[in-house]
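In the working numbering, the protein residues as written are 580 to 811.
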Amino acid sequence: MKKILIVEDEDSIREFIVINLERAGYKVVEADSGEQGLKKYEETKDFDLAILDVTLPGINGFTVCKKLRAQNGLMGIIMLSARSQEMDKVNGLMLGADDYITKPFSPSELVARIDSLYRRVALAETRNENNLREEISDGDFTLNLRNRTLLKNGRLIELTQVEFQIMEFFLSNPGVVLDRTKILAHVWGTSYIGEEKIVDVNIRRLRMKVEDSPSMPKHIVTIWGLGYKWEA
Ligand code: CA
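See the structure below:
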């Protein structure tokens, strides 16, 4: 069962989301505040996805995102924002969200974004169970495909689902230039209808985690006009 947590204080928007996602086959649990959302999460902890509105009474959606991500690296998290300011989106993504949707949105856009994220989470869950190839190593880095962790010189680096998939793509193609379109298609799926910018935001976040000096990246190298290249 595809299970999703919705945290949104505006009744009409929450109901709109619930109706459309139930119709798309999701089991939906609702909360009208961040505190209630965290409580509902704690009750079962078996969620595949969460949709978090940014502006909430009490603690805001960013805080909820951070707290959920600290407990669950596998769950897909989408931020919902009424504001279209870039900072909001970047903030959410830096705190561990996988995607964002700006209000107002259509039912088809909502379901497409949620489905696309769900497919990634489900794929990750299957891989966890199947235990295919155990790990990929390159230089100081070891990516464990089973428990989805990254080690740099034996030091653990926490990754979100998206970051993990990008790292897996890089480490499977060392020294190869991967353009944004290719990364987007590989990680988000070819049916993804968001912006390519999301690739750059995730790369920026990854660099903060894997680079000694994120402003002078040596591992995730920008190839101007082409894309990115992994160098161990
Ligand atoms: Ca709100």
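For each residue, glycine too, the CB sits at the ideal point set by N, CA and C.
Separation of THR623 from ASP694, as counted between CA atoms: 22 Å
Three CB pairs or more closer than 8 Å across the segment 802 to 811 and the segment 730 to 738: no
ARG786, enclosing alpha helix (DSSP H) - first and last residue: 776 to 789
Residue nearest to PRO796 in terms of C-alpha spacing, selected from LEU805, ARG786, GLU609, GLU775: ARG786
Close beta carbons around LEU696, own chain, < 8 Å, minus the five adjacent residues each side: LEU628, GLY655, ILE657, ASP677, ASP678
As assigned by DSSP and simplified to three states, the class of MET658: strand
Secondary structure of SER736, DSSP reduced to three states: Contrary to the premise, residue 736 reads as Ile rather than Ser in this sequence. ILE736: strand per DSSP, three-state reduction.
Extent of the continuous beta strand (DSSP E) to which SER716 belongs: 714 to 717
Any non-hydrogen atom of ligand 1 within 6 Å of THR634 CB: yes
Check whether SER660 and THR642 have beta carbons under 7 Å apart: no
First and last residue of the uninterrupted beta strand (DSSP E) at LEU722: 720 to 723
GLU594 CB to nearest heavy atom of ligand 1 below 6 Å: no
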